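Protein chains: 2
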Amino acid sequence: MKIVVTGAAGFIATSLLPRLLNSGDEVHGVDNYFLGKREFVARSLGAPNFHFYEFDLLDRDRVIALFRDVRPDLVWHLAANSDISFGTKYTDFDLKGGTLVTYNVLEAMRLAGTKELLFSSSGAIYGEPKVMPTPENYGPILPISLYAASKAACETLITAFASNYGIRSWIFRFGNITGPFPTHGVIHDFILKLKKDPTRLQILGDGRQSKPYVHVEDCLDGMMFGHKQARESVNCFNLAVPDATSVNEIAQWTIEAMGLDAKRVLLEYTGGSRGWPGDVPQVRLDTRRMESLGWRPKMKSAEAVRRSISETVEQMR
Amino acid sequence: MKIVVTGAAGFIATSLLPRLLNSGDEVHGVDNYFLGKREFVARSLGAPNFHFYEFDLLDRDRVIALFRDVRPDLVWHLAANSDISFGTKYTDFDLKGGTLVTYNVLEAMRLAGTKELLFSSSGAIYGEPKVMPTPENYGPILPISLYAASKAACETLITAFASNYGIRSWIFRFGNITGPFPTHGVIHDFILKLKKDPTRLQILGDGRQSKPYVHVEDCLDGMMFGHKQARESVNCFNLAVPDATSVNEIAQWTIEAMGLDAKRVLLEYTGGSRGWPGDVPQVRLDTRRMESLGWRPKMKSAEAVRRSISETVEQMR
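Protein sequence lines correspond, in order, to chains A and B. Under this note's numbering, the first sequence has 1218 at position 228, and the numbering climbs by one with no breaks. Under this note's numbering, the second sequence has 1273 at position 283, and the numbering climbs by one with no breaks.
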């Protein structure tokens, strides 16, 4: 199968590429190295069935030309600004890197006749929902960050293209995905801070924010399972775990994993319930839809976080 | 109060402007005359409290400059490609004229400190919902046209800006709005066709599509009522009537209103259940939320349609 992976040098693709390449697929990866890293994608560059292209997906002509040349069967569209707080500084950042890029990918798919799309959406689109755990059919969708607004916009572009141009799509609304090769996120942030100064740790908000953490290997298992088993025109799933982990727990476990004495690390809280403007402090996603399809994550939230901390400490050593 | 009206030469604004100007507001209207018409806005140009600007809202610098100069208290953001079928021909048309334009307006509001926005969304965002009449909290939002995808994207941009930058918003998900001064739509289309050839009438689809029609005066009453009475950060309402009218009924009533003998007009159906790709053939919107706020439309669907036909026949004479 011919597959295009966007955000190919990013966090999720770095774990995805070996799976696809080992299964013999012809994989074409694109990244502009904005969040993605050269050393991540370098791990796959030796594979004969891997082709990598460095360009910005905002360049619509390049995207269309790539799809015209490759004529992929399937797209894993993972490219995005996944660093939510960044989008609050530049209000058109997610509009460009999320919405416009996704339009470009869909238009290129339409022109090339590509019929299947897997998309990394986010539970953040629910904003601060009145129902928790939040199911996929929750409404109205009132996101509170520009990142989430863009993810929701991408979903609606995908469903419109699906309906008009016969593109089948799988939309996965992620919990927090963790694992090795992070480009951002709380674990990455804590490790960097503690390496710089092991005597203190700044924690955004009050540390009580708690969210479901999914290990990237579970995430990929779930996406592949959903792609295989769900065959509607638009297939929309929460991809999460039923439980949750707090930022304070992640801080304690990271300190331990780095071999530091928790009593000698001063925790400094920036205060307030949110980590940043647009942060949703309490997230619980209803996972029954994936369960009814027959899929469950192998790791609960705490296990996913603990394993990711140790993998990331190792990888960033 | 200082008010910016986008799409000021369009169908809805043409009925809105006299109301705002008569109440003494300082009104600044913008239109690029893509769908809007010079003769419509000309009706208001004589008012001393009306200022009109001809430019494309895609020109972000112009939008920002206008808001910086005017410092409006309130925006009626009505500009859009409201001709849904057009968006199926050019796949980035609604993305530009809807999503990007709305971003520009929100960014200009943020920079100018404007705090209130009324937005014309659409019941089309529900796609082909499993619940009818469809309430505001219906999910998931799976639109089937690029027009509706853009309206949904605009809603999420608005809610994110509302949350991050203290902008209060009123989102109205319209049924089909009818009345004098249409720029497009089924009544406008039928009258044009019958004027050209009174012996035959082409009907898109099978004519059985049926939707709730709201007269533009009711629409404006409802928006003004909602703006006054609902004071959440984001206020989201279906703005419709509980009943519906079929395209076949509209055809018959238009033929009658034009003084033609229905027996001598050959109805030619293009066939299929949809008027165009992305058309939602059966629409019923749950109107209880506006009702519980204390508002009801004066006209039911049939009355709104009949009055609009006679107003439009008169206006296009």
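Where a beta carbon is used, it is the ideal one built from N, C-alpha and C, also for glycine. Given the structure is predicted, the values throughout are model-derived calculations rather than measurements.
| said: Going by the DSSP bridge assignment, what does Thr1168(B) pair with across the sheet? | reply: Here residue 1168(B) refers to the residue found at position 178 when the second sequence is read from its first residue. In the DSSP output, where bridge partners are listed per residue, Thr1168(B) has His1205(B).
| message | Quick check: what's the CA-CA separation for His1174(A) versus Gln1305(B)? | response | Along the first sequence, read from residue 1 onward, the residue named residue 1174(A) stands at position 184. Along the second sequence, read from residue 1 onward, the residue named residue 1305(B) stands at position 315. So the alpha carbons of these two residues sit roughly 60 Å apart.
| request: Compute every distance between the C-beta of Trp1066(A) and the non-hydrogen atoms of the ligand ADP, then say whether any falls below 7 Å. | output: Among the components of this structure there are no ligands whatsoever, and the ligand ADP is therefore not found.
| field | For Arg1163(B): DSSP bridge partner residues | value | Counted from its first residue, the second sequence places residue 1163(B) at position 173. Answer by DSSP bridge pairing, in chain order: Ser1111(B), Asn1228(B).
| message | Taking 8 Å as the cut-off, does the stretch 1012–1032 of chain B touch the stretch 1099–1106 of chain B (at least 3 CB pairs, one atom from each stretch)? | response | No: fewer than three Cβ pairs fall under 8 Å.
| query | Whole-angstrom Cβ separation of Ala1069(A) and Val1053(A), contact assumed at under 8 Å? | reply | Within the first sequence, numbered from 1, the residue matching residue 1069(A) stands at position 79. Within the first sequence, numbered from 1, the residue matching residue 1053(A) stands at position 63. Not quite, the Cβ-Cβ distance comes to about 10 Å (not below 8 Å), so this is no contact.
| CA-to-CA distance, Pro1188(B) to Ala1247(B), given in whole angstroms | The sequence position of residue 1247(B) within the second sequence is 257, counting from 1. The sequence position of residue 1188(B) within the second sequence is 198, counting from 1. Rounded to whole angstroms, Ala1247(B) to Pro1188(B) spans 12 Å at the Cα level.
| query | Since Ala1230(A) meets chain B, which of its residues come closer than 9 Å, beta carbon to beta carbon? | reply | As a position in the first sequence, residue 1230(A) is number 240, starting the count at 1. Residues of chain B passing the Cβ test: none, with the nearest at roughly 16 Å.
| request: Report buried or exposed for Tyr1023(A), applying the criterion of at least 16 other Cβ atoms within 10 angstroms of its Cβ. | output: On the first sequence, position 33 is the one that residue 1023(A) refers to. Around the CB of Tyr1023(A), fewer than 16 other CB atoms lie within 10 Å, so the residue is classed as exposed.
| said: Against chain B, does Asp1051(A) count as a neighbour if the rule is that its beta carbon must be under 8 Å from one of theirs? | reply: Locating residue 1051(A) in the first sequence gives position 61, counting from the first residue. Not closer than 8 Å to any Cβ of chain B, the Cβ of Asp1051(A) fails to qualify, so no.
| message | Taking the beta carbon of Gly1026(B) as the centre, do at least 16 other beta carbons fall within 10 Å, making it buried, or is it exposed? | response | Reading the second sequence from its first residue, position 36 is the one you call residue 1026(B). Under this definition Gly1026(B) is a buried residue.
| Other residues of its chain near Ala1220(B): CB distance less than 8 Å, five sequence neighbours each side excluded | Against the second sequence, residue 1220(B) aligns to sequence position 230. Cβ within range, chain order: Trp1160, Phe1227, Leu1283.
| said: Under DSSP, the beta strand (DSSP E) around His1041(A) begins and ends at which residues? | reply: Translated into positions along the first sequence, residue 1041(A) becomes position 51. Start and end: 1040–1044.
| Given that Arg1264(A) touches chain B, what residues does it touch there, using C-beta distances under 9 Å? | One-based indexing of the first sequence puts residue 1264(A) at position 274. Residues of chain B whose Cβ lies closer than 9 Å to the Cβ of Arg1264(A) do not exist, since the nearest Cβ in that chain is about 10 Å away.
| request: Please name the residue in Pro1170(B), Glu1145(B), Tyr1137(B), Asp1196(B) whose C-alpha comes closest to that of Val1095(B). | output: Counted from its first residue, the second sequence places residue 1095(B) at position 105. Selection Pro1170(B), Glu1145(B), Tyr1137(B), Asp1196(B) evaluated against Val1095(B) yields Glu1145(B) as nearest (Cα-Cα).
| said: Comparing C-alpha positions only, which one of Glu1106(A), Tyr1093(A), Leu1136(A) sits nearest to Ala1114(A)? | reply: Against the first sequence, residue 1114(A) aligns to sequence position 124. Comparing Cα-Cα distances from Ala1114(A) to each of Glu1106(A), Tyr1093(A), Leu1136(A), the minimum goes to Leu1136(A).
| message | Within 10 Å of its beta-carbon, does Pro1008(A) have 16 or more other beta-carbons around it, so buried, or fewer, so exposed? | response | Translated into positions along the first sequence, residue 1008(A) becomes position 18. Counting Cβ neighbours within 10 Å, Pro1008(A) comes out exposed, since fewer than 16 surround it.
| said: Cβ closer than 9 Å: which chain B residues qualify as neighbours of Pro1038(A)? | reply: Within the first sequence, numbered from 1, the residue matching residue 1038(A) stands at position 48. Per Cβ cutoff of 9 Å: no residues; Pro1038(A) is ~35 Å from chain B at best.
| task | Measure the C-alpha to C-alpha separation of Phe1001(A) and Asp1073(B) and round it to an integer number of angstroms. | result | As a position in the first sequence, residue 1001(A) is number 11, starting the count at 1. As a position in the second sequence, residue 1073(B) is number 83, starting the count at 1. Roughly 41 Å separates the two Cα atoms.
| request: May I have the straight-line CA-CA distance separating Pro1119(A) from Ala1150(B), to the nearest angstrom? | output: Here residue 1119(A) refers to the residue found at position 129 of the first sequence. Here residue 1150(B) refers to the residue found at position 160 of the second sequence. Those two C-alpha atoms are separated by around 14 Å.
| said: Less than 8 Å between the C-beta atoms of Lys1186(B) and Asp1233(B), yes or no? | reply: Translated into positions along the second sequence, residue 1186(B) becomes position 196. Translated into positions along the second sequence, residue 1233(B) becomes position 243. No, the Cβ-Cβ distance between Lys1186(B) and Asp1233(B) is not below 8 Å.
| field | 8 Å CB neighbourhood of Leu1147(B) in its chain, flanking five on each side removed | value | Locating residue 1147(B) in the second sequence gives position 157, counting from the first residue. Same-chain partners within the cutoff: Thr1089, Thr1092, Tyr1093, Leu1096.
| task | Check the DSSP bridge columns for Leu1257(A) and list the partner residues they point to. | result | Counted from its first residue, the first sequence places residue 1257(A) at position 267. For Leu1257(A), which the question treats as bridged, DSSP gives the partners Leu1191(A).
| request: Could you name each continuous beta strand (DSSP E) segment of 3 residues or more that falls completely within the stretch 1050–1088 of chain A, going from the start of the chain to the end? | output: DSSP runs (the beta strand (DSSP E)) wholly in the stretch 1050–1088 of chain A: 1064–1067.
| request: Return yes when the Cβ of Ser1153(A) is within less than 8 Å of the Cβ of Ile1167(B), no when it is not. | output: As a working mapping, residue 1167(B) is identified with position 177 in the second sequence. As a working mapping, residue 1153(A) is identified with position 163 in the first sequence. No, they are not a contact pair.
| Shorter than 8 Å from the beta carbon of Val1224(A) to some beta carbon of chain B? | Against the first sequence, residue 1224(A) aligns to sequence position 234. Answer yes: the Cβ-Cβ gap between Val1224(A) and chain B drops below 8 Å somewhere.
| task | Take the Cβ of Phe1109(A) as the centre, count every other Cβ of all protein chains shown within 10 Å, and call the residue buried at 16 or more, exposed below. | result | As a first step, residue 1109(A) must be located in the first sequence, where it is residue number 119. By the 10 Å Cβ count, Phe1109(A) comes out buried.
| Which residues in chain B sit within 7 Å of Thr1078(A), going by Cβ to Cβ distance? | The sequence position of residue 1078(A) within the first sequence is 88, counting from 1. Here the neighbours are Asn1154.
| task | Anything in chain B within Cβ reach of Ser1135(A), meaning under 8 Å, just list it in chain order. | result | Looking up residue 1135(A) in the first sequence gives position 145. Chain B residues near Ser1135(A): Ala1150, Ser1153, Asn1154.
| request: Give the secondary structure of Lys1218(A) by DSSP, where H, G and I count as helix, E and B as strand, and everything else as coil. | output: Here residue 1218(A) refers to the residue found at position 228 of the first sequence. Lys1218(A) sits in a helix when the DSSP states are folded into three classes.
| query | Does the Cβ of Asn1012(A) have 16 or more other Cβ atoms within 10 Å, making it buried, or fewer, making it exposed? | reply | If you number the first sequence from 1, residue 1012(A) lands on position 22. Per the 10 Å Cβ criterion, exposed.
| At least 3 beta-carbon pairs within less than 8 Å: the stretch 1190–1201 of chain A vs the stretch 1263–1276 of chain A | The count of Cβ pairs closer than 8 Å, one atom from the stretch 1190–1201 of chain A and one from the stretch 1263–1276 of chain A, reaches three, so the stretches are in contact.
| task | Please state whether DSSP places Thr1104(A) in a helix, a strand or coil. | result | Taking the first residue of the first sequence as position 1, residue 1104(A) is located at position 114. If DSSP states are grouped into helix, strand and coil, Thr1104(A) belongs with coil.
| In the structure shown, what three-state DSSP assignment does Ser1236(A) receive? | Start at 1 with the first residue of the first sequence, and residue 1236(A) comes out as number 246. Collapsing the DSSP output to three states places Ser1236(A) in a strand.
| field | Among Phe1180(A), Ser1140(A), Ile1299(A), the one whose alpha carbon lies nearest that of Ser1112(A) | value | In the first sequence, residue 1112(A) corresponds to position 122, counting from 1. Here the closest residue by C-alpha is Ser1140(A).
| said: Please confirm whether Asp1251(A) has its beta-carbon closer than 8 Å to some beta-carbon of chain B. | reply: Start at 1 with the first residue of the first sequence, and residue 1251(A) comes out as number 261. For Asp1251(A), the answer is no, since every Cβ of chain B falls outside 8 Å of its Cβ.
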